[in-house]
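Undergrad: Got a structure for you, written out below as C-alpha cells; questions coming shortly.
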Ligand SMILES: Nc1ncnc2c1ncn2[C@@H]1O[C@H](COP(=O)(O)OP(=O)(O)OP(=O)(O)O)[C@@H](O)[C@H]1O
Ligand SMILES: [Mg+2]
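Structure below.
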C-alpha cells in the first residue's frame with residue numbers, strides 16, 4: 301500500500317463537533333482519488349490534515365513506509381513531501397510564474413532547477429509565461445501554474461482543493477481534461493476535493509464521499525453511476541443520492 | 028523523533044518574552060498600590076486629589092462632547108452632501124492631527140497675547156483696546172478649545188469613513204419613508220454611527236489624559252501634571268506611583284465604559300455589495316454654509332496656527348545656530364527611527380505568533396501589549412523608571428566589576444527612553460502589522476510550507492515581502508508619534524539630549540515663543556506630509 305490513512309479524528313479548537321471522524325483510506329501509487337461532499341462536510345479538513353497544516357487528535361498516516369503522523373510523531377508540513385493546490389491557488393503575488401515554481405526547488409542545483417522549471421512549464425503548457433506575474437494570468441492559467449508549482453518538487457502525493465471552483469463552466473471542462481492528462485502523464489498519486497459529482501466521475505479512479513465528517517461511500521465512479529443523471533446537472537440533490545448509496549453499501 | 032512544535036517554539040519564546048517585557052513595567056505600578064502610604068499621599072488625598080480629578084474629568088468630558096459635535100457634523104456633511112471644495116475638505120480636515128496640541132497651545136497663546144497679532148492689530152489699526160482677560164486662553168476652557176481643535180479629526184475621520192461605507196439603501200429608505208434630513212440624522216445616522224463615534228471619542232479621551240504639554244503650559248492641574256509634580260517637585264516617587272495607579276484605574280474604567288457602550292452588536296452590511304451613498308448636491312446659501320463651516324474649522328485648527336508658525340519662523344530664522352538645530356533633528360530622527368524599527372520587528376514576531384497559535388490565550392496575549400497605548404505617558408514614565416532603577420540595582424555588581432564609576436547605567440541611558448516609547452507606541456505598530464497579517468491570511472504561508480519551507484524561511488520569503496505596505500505604514504505612524512511625543516521625552520531623555528519636541532516645549536515654556544516655531548514647524552510639516560501620504564496610499568489601496 302502506498303498511502304495509508306488510519307482512523308484519523310479531528311475537531312477544530314473552537315468547535316463542538318468533530319470535523320472528521322475515523323477517516324480511513326488506503327491509496328495505490330498513481331491512483332487519483334476524489335473526495336466528494338457538501339459544503340462543510342470536512343473535505344478541506346482531510347487535505348489540511350494530510351498536508352500537516354492541522355494536527356489530528358488521533359490516527360496514523362503512512363506514506364511509502366514513512367510515518368508522517370501517529371500518536372508520537374508529527375512531521376511538519378515542510379518535511380512531508382506532499383504537494384498542495386489551494387482552493388484559491390495561493391500563488392505568491394510578489395513572485396513571477398517562474399519564481400513561484402522555483403520556490404519549492406531550493407534543494408536542487410542551479411542547472412537542475414532550470415531543467416525542472418522547463419519540464420513543468422511544458423507539462424502545463426505555459427512555456428512562454430514564466431516572466432508574468434500571477435495577476436497577469438487568466439483564472440485557468442493561474443490554476444495551471446498552481447499545479448505546476450505543486451508538482452515541481454516531485455511530491456509523493458498531491459492534494460487539490462476544489463481546483464475548478466473559481467472557473468466558469470466552459471473553462472471547467474477544459475481544465476478538467478487538462479488536469480487528468482497532467483496527473484496521468486506525471487504519474488502522481490493525487491487526492492482532489494470537489495463538490496461537483498461530474499468532476500469526480502471524469503477524473504477519479506475512486507471516489508470517497510464525506511458527510512458530516514464521516515465517510516459514507518467509497519468506490520469506483522461506475523458504482524455511483526445510477527445517481528449520475530445528465531451532463532450539465534451540477535449538483536444532484538444530496539438527499540436521494542445518499543439514501544441510494546447507503547443502500548448500495550449495505 | 029521530530030518534536031511536534033519544533034518550529035513554533037522559537038517564535039513562541041520570542042513573542043512571550045516581548046509580551047512580558049512590554050507588560051511588566053506596568054505591574055510595578057499595580058504593586059505600588061499596595062505599598063504603605065506616606066504623609067504626602069495622605070495630604071494629597073485630603074486636599075488636592077479631588078481638584079485635579081475634577082479638572083481631568085471636566086477636560087475629558089467637555090473635549091469629548093465638542094469633538095463629537097464638530098467631528099460628527101463634518102463627517103455627516105462630507106458623507107452625504109456635495110458642495111464646493113468638498114473633495115479638498117474631505118482629506119484636509121484630517122490635517123489638524125499633524126499639530127501636536129502643545130504646539131497649538133503656545134501658538135494660540137502667542138497670537139492672543141498682548142504683543143500677539145490679534146491685540147496689536149486691534150490696537151494699532153483700529154485703536155481698540157479690550158480687557159486683556161478677554162484674550163486669556165491659559166485656563167481650563169482654553170485647554171478644552173485647544174484639545175477640541177487638534178483632536179476632533181479622530182472622531183471625524185473614523186465616522187466619515189464609516190458613514191461613507193454604509194449601504195445607500197439604509198439611508199435612502201429612510202428618506203423614502205418621508206423623513207427629513209434632521210430626522211434622518213437623529214433616527215438613523217446617529218444610531219448607526221454610534222460605534223465609530225465611540226471609537227473616535229475614546230481615542231480623544233485617551234489623548235487628553237495622556238497630554239502633558241497643554242495643561243503644563245496653561246497651568247491647569249490634572250492627573251498628569253500632579254504625577255510629575257509629586258515626582259520632581261516633592262521627590263516622592265512612591266506617591267507618584269500611587270497617583271499613576273489611580274490614573275490607570277481611571278483609564279481602565281474608560282475602556283470598560285467604551286466596551287459597554289459599544290455593546291455586542293456589530294453593524295455590518297447585510298449585502299455583500301455595498302452601493303455607495305449618492306451625494307445630495309447643495310446649492311445657494313446651503314452650499315456656502317457647508318463650505319464656510321468646513322473652512323472655519325480647518326482655519327482655526329490648521330491654517331491659522333501654521334501661518335503663524337511660518338511667520339515666526341521667518342522672523343527668527345538664523346537666531347538658532349544651524350549646527351545646534353541639526354543636532355535636535357538628528358536626535359529626533361535617531362530615537363524615532365530606532366523605536367519605530369524595534370516596534371515593527373517586535374510586532375512582526377508577536378503577530379506571527381498570534382496567528383500560529385490557536386485558541387483563546389493566543390488571541391488574548393498579544394492584546395495585552397496593546398494596552399500600553401491607553402496608558403498615559405506619565406504612568407509609563409513612572410513605571411519604566413521604577414523598573415530600570417530596580418534593574419540597575421540588580422546589575423550593580425556587574426557594573427562594579429566592569430569598572431563603571433556609577434551604578435546607575437541603564438536608567439540614565441537612551442535605553443530607558445526607547446523602552447518607554449516602545450511600551451507606549453507598540454499598539455500603533457502592532458495594529459498595522461496585525462492588519463497586514465489578516466489581509467494576507469494564512470493560505471500563502473500554508474502554500475509555502477507544503478513547498479518545503481519552514482516557518483522562519485516562510486516568514487522572510489513570503490510574509491515580509493507581502494506585508495511591505497503594512498510595515499512601511501506602521502513604521503511611519505510610530506515615527507510620527509515619537510517625533511511629537513512630549514512627556515516621556517522630557518522626563519526620560521538622557522542629560523543634554525534634546526529633540527525637536529523637547530526643544531520646542533522648552534522655548535515655549537521660557538516664553539521664547541518665536542524661537543519655538545522652527546522646531547514646531549518641522550514637526551508639523553513632517554506629520555502633515557505623512558498624513559497626505561497615507562491619504563493617497565489609502566485611496567489607492569481602496570481602488
Ligand atoms: N478554522 C476553523 N475553525 C473552526 N471550524 C472550522 C474551521 N475550518 C472549518 N471548520 C468547520 O469544519 C467543518 C468542515 O470544514 P471544511 O472546510 O473541511 O469543509 P469543506 O467540505 O471543505 O467545505 P467547502 O466545500 O465549503 O469548502 C465545517 O463545519 C466548518 O465549519
Ligand atoms: Mg473546502
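Chains as they are written, first to last, in our numbering: chain A, 301 to 550; chain B, 28 to 570. Just so you know, even glycine gets a beta-carbon here, dropped at the ideal spot from N, CA and C. Note that the structure is a prediction, hence the values are computed from the model and not measured.
With H, G and I counted as helix, E and B as strand and the rest as coil, what does DSSP make of residue 415 of chain A?
TA: In the first chain, counting from the first residue as 1, residue 415 of chain A sits at position 115. The answer is helix: DSSP assigns residue 415 of chain A an H, G or I state.
Undergrad: Let me check you understand the geometry: is the CB of residue 499 of chain A closer than 7 angstroms to at least one non-hydrogen atom of ligand 2?
TA: Taking the first chain and counting its residues from 1, the one referred to as residue 499 of chain A is at position 199. Checking every heavy atom of ligand 2 against the Cβ of residue 499 of chain A, none is found closer than 7 angstroms.
Undergrad: Any heavy atom of ligand 2 closer than 7 angstroms to the beta-carbon of residue 462 of chain A?
TA: Taking the first chain and counting its residues from 1, the one referred to as residue 462 of chain A is at position 162. Checking every heavy atom of ligand 2 against the Cβ of residue 462 of chain A, one is found closer than 7 angstroms.
Undergrad: Take residue 123 of chain B and list the residues in its own chain whose beta-carbon comes closer than 6 angstroms to its own, dropping the five residues that flank it on each side.
TA: In the second chain, residue 123 of chain B corresponds to position 96, counting from 1. 177, 180, 328, 329.
Undergrad: If you draw a straight line from the C-alpha of residue 516 of chain B to the C-alpha of residue 435 of chain B, how long is it?
TA: One-based indexing of the second chain puts residue 516 of chain B at position 489. One-based indexing of the second chain puts residue 435 of chain B at position 408. Approximately 19 angstroms, taken between the alpha carbons.
Undergrad: Quick one: residues in its chain with C-beta nearer than 6 angstroms to the C-beta of residue 300 of chain B, no 5 flanking neighbours on either side, listed in chain order?
TA: The residue given as residue 300 of chain B occupies position 273 in the second chain. Residue placement at residue 300 of chain B cannot be trusted, given a pLDDT of 44 that sits under 50; the coordinates are not used to answer.
Undergrad: Would you say residue 353 of chain A reaches chain B, if we count a Cβ-Cβ gap shorter than 8 angstroms as a contact?
TA: The sequence position of residue 353 of chain A within the first chain is 53, counting from 1. So yes, residue 353 of chain A belongs to the interface.
Undergrad: What's the C-alpha gap between residue 504 of chain A and residue 428 of chain A?
TA: Within the first chain, numbered from 1, the residue matching residue 504 of chain A stands at position 204. Within the first chain, numbered from 1, the residue matching residue 428 of chain A stands at position 128. Computed Cα separation, rounded: 30 angstroms.
Undergrad: When Cβ atoms are compared, which residues of the region 398–409 of chain A fall closer than 8 angstroms to chain B?
TA: Within the region 398–409 of chain A, the qualifying residues are 403, 404, 406, 407.
Undergrad: Go through the region 92–165 of chain B residue by residue and report every complete run of the beta strand (DSSP E) that reaches 3 residues or more, in order.
TA: Within the region 92–165 of chain B, no complete beta strand (DSSP E) run reaches 3 residues.
Undergrad: Any chance the CB of residue 398 of chain A is under 7 angstroms from a heavy atom of ligand 1?
TA: Here residue 398 of chain A is taken as the residue at index 98 of the first chain, counted from 1. False, no ligand heavy atom lies under 7 angstroms from that Cβ.
Undergrad: Quick check: the Cα distance between residue 393 of chain B and residue 452 of chain B, rounded to an integer number of angstroms?
TA: If you number the second chain from 1, residue 393 of chain B lands on position 366. If you number the second chain from 1, residue 452 of chain B lands on position 425. Taking the straight line joining both Cα atoms gives about 14 angstroms.
Undergrad: Less than 8 angstroms between CB atoms is the rule here; does residue 473 of chain B satisfy it with respect to chain A?
TA: Along the second chain, one-based indexing puts residue 473 of chain B at 446. At least one chain A Cβ lies under 8 angstroms of residue 473 of chain B.
Undergrad: Residues in its own chain within less than 6 angstroms of residue 502 of chain A by CB, not counting five upstream and five downstream?
TA: Translated into the one-based positions of the first chain, residue 502 of chain A becomes position 202. These residues qualify, in order along the chain: 476.
Undergrad: Would you mind giving the Cβ-Cβ distance between residue 445 of chain A and residue 434 of chain A, rounded to the nearest angstrom? I have them listed as a contact below 8 angstroms.
TA: If you number the first chain from 1, residue 445 of chain A lands on position 145. If you number the first chain from 1, residue 434 of chain A lands on position 134. With 8 angstroms as the limit, residue 445 of chain A and residue 434 of chain A qualify as a contact, their Cβ atoms being about 7 angstroms apart.
Undergrad: May I have the straight-line CA-CA distance separating residue 533 of chain A from residue 461 of chain A, to the nearest angstrom?
TA: The residue labelled residue 533 of chain A in the question sits at position 233 within the first chain. The residue labelled residue 461 of chain A in the question sits at position 161 within the first chain. Caution is warranted here: a pLDDT of 42 is assigned to residue 533 of chain A, below 50, making its placement in the model unreliable, and no coordinate value can be reported.
Undergrad: Any residue with its Cβ nearer than 6 angstroms to a heavy atom of ligand 1 should be included. What is that list in chain order?
TA: Here the residues come out as A:312, A:314, A:315, A:319, A:337, A:339, A:340, A:341, A:342, A:343, A:344, A:345, A:495.
Undergrad: Tell me whether residue 187 of chain B, by its Cβ, gets closer than 7 angstroms to a heavy atom of ligand 2.
TA: Within the second chain, residue 187 of chain B is the residue found at index 160, counting from 1. The answer is no for residue 187 of chain B.
Undergrad: Under 8 angstroms between beta-carbons, which chain A residues line up against residue 114 of chain B? List them in chain order, please.
TA: Residue mapping note: residue 114 of chain B aligns to position 87 of the second chain, counting from 1. Simply none; closest approach about 29 angstroms.
Undergrad: What are the residues that DSSP puts in a beta bridge with residue 304 of chain A?
TA: Taking the first chain and counting its residues from 1, one reaches residue 304 of chain A at position 4. Paired residue(s): A:326, A:362.
Undergrad: Is DSSP giving residue 479 of chain B helix, strand or coil here?
TA: Here residue 479 of chain B refers to the residue found at position 452 of the second chain. Residue 479 of chain B: coil per DSSP, three-state reduction.
Undergrad: Between residue 236 of chain B and residue 254 of chain B, is the Cβ-Cβ spacing less than 8 angstroms?
TA: Start at 1 with the first residue of the second chain, and residue 236 of chain B comes out as number 209. Start at 1 with the first residue of the second chain, and residue 254 of chain B comes out as number 227. Contact: no.
Undergrad: Check whether the Cβ of residue 592 of chain B lies closer than 8 angstroms to any Cβ atom in chain A.
TA: Because chain B is modelled from 28 through 570, residue 592 of chain B falls outside the range shown and cannot be assessed.
Undergrad: Please list, in chain order, the chain A residues whose beta carbon lies closer than 9 angstroms to that of residue 493 of chain B.
TA: Sequence index remark: in the second chain, residue 493 of chain B carries index 466 (1-based). Residues of chain A passing the Cβ test: 392, 393, 394.
Undergrad: Is there at least one non-hydrogen atom of ligand 2 closer than 7 angstroms to the beta-carbon of residue 387 of chain A?
TA: Position 87 of the first chain, counted from the start, is the residue given in the question as residue 387 of chain A. Because some heavy atom of ligand 2 lies under 7 angstroms away, the Cβ of residue 387 of chain A counts as near it: yes.
Undergrad: For residue 251 of chain B and residue 403 of chain B, what's the separation of their Cα atoms in angstroms?
TA: What you label residue 251 of chain B is simply residue 224 of the second chain in a count that begins at 1. What you label residue 403 of chain B is simply residue 376 of the second chain in a count that begins at 1. Looking at the two C-alpha atoms, the distance is approximately 8 angstroms.
Undergrad: Where residue 323 of chain B and residue 353 of chain A are concerned, what is the direct C-alpha to C-alpha distance, given to the nearest angstrom?
TA: Residue numbering aside, residue 323 of chain B sits at position 296 when the second chain is read from its first letter. Residue numbering aside, residue 353 of chain A sits at position 53 when the first chain is read from its first letter. Whole-angstrom Cα-Cα distance: 57 angstroms.
Undergrad: Quick check on DSSP: helix, strand or coil for residue 339 of chain A?
TA: Within the first chain, the letter at position 39 stands for residue 339 of chain A. Here residue 339 of chain A sits in coil by DSSP.
Undergrad: From residue 303 of chain A to residue 331 of chain A, what does the alpha carbon distance come to, in whole angstroms?
TA: Within the first chain, residue 303 of chain A is the residue found at index 3, counting from 1. Within the first chain, residue 331 of chain A is the residue found at index 31, counting from 1. Cα to Cα, the separation comes out at about 10 angstroms.
Undergrad: What number of angstroms, rounded off, separates the C-alpha of residue 499 of chain B from the C-alpha of residue 328 of chain A?
TA: As a first step, residue 499 of chain B must be located in the second chain, where it is residue number 472. As a first step, residue 328 of chain A must be located in the first chain, where it is residue number 28. Computed Cα separation, rounded: 50 angstroms.
Undergrad: Less than 8 angstroms between CB atoms is the rule here; does residue 388 of chain A satisfy it with respect to chain B?
TA: Position 88 of the first chain, counted from the start, is the residue given in the question as residue 388 of chain A. True, the Cβ-Cβ gap to chain B drops below 8 angstroms.
Undergrad: When you compare each of A:314, A:334, A:306, A:335 to residue 321 of chain A by their alpha carbons, which one comes out closest?
TA: Residue mapping note: residue 321 of chain A aligns to position 21 of the first chain, counting from 1. Residue A:306 is the option with its Cα nearest to residue 321 of chain A.
Undergrad: Go ahead and pull the three-state DSSP assignment for residue 405 of chain A.
TA: Residue 405 of chain A sits at position 105 when you count from the first residue of the first chain. In the structure shown, residue 405 of chain A sits in a helix (DSSP, three-state: H, G or I).
Undergrad: Mind pulling the beta strand (DSSP E) runs of 3 or more residues that sit fully within the region 448–479 of chain A?
TA: Segments of the beta strand (DSSP E) lying fully in the region 448–479 of chain A: 457–461.
Undergrad: Report the option in A:314, A:413, A:357, A:316 whose CA atom is closest to the CA atom of residue 323 of chain A.
TA: Residue 323 of chain A sits at position 23 when you count from the first residue of the first chain. Taking only the C-alpha atoms, the option nearest residue 323 of chain A is A:357.
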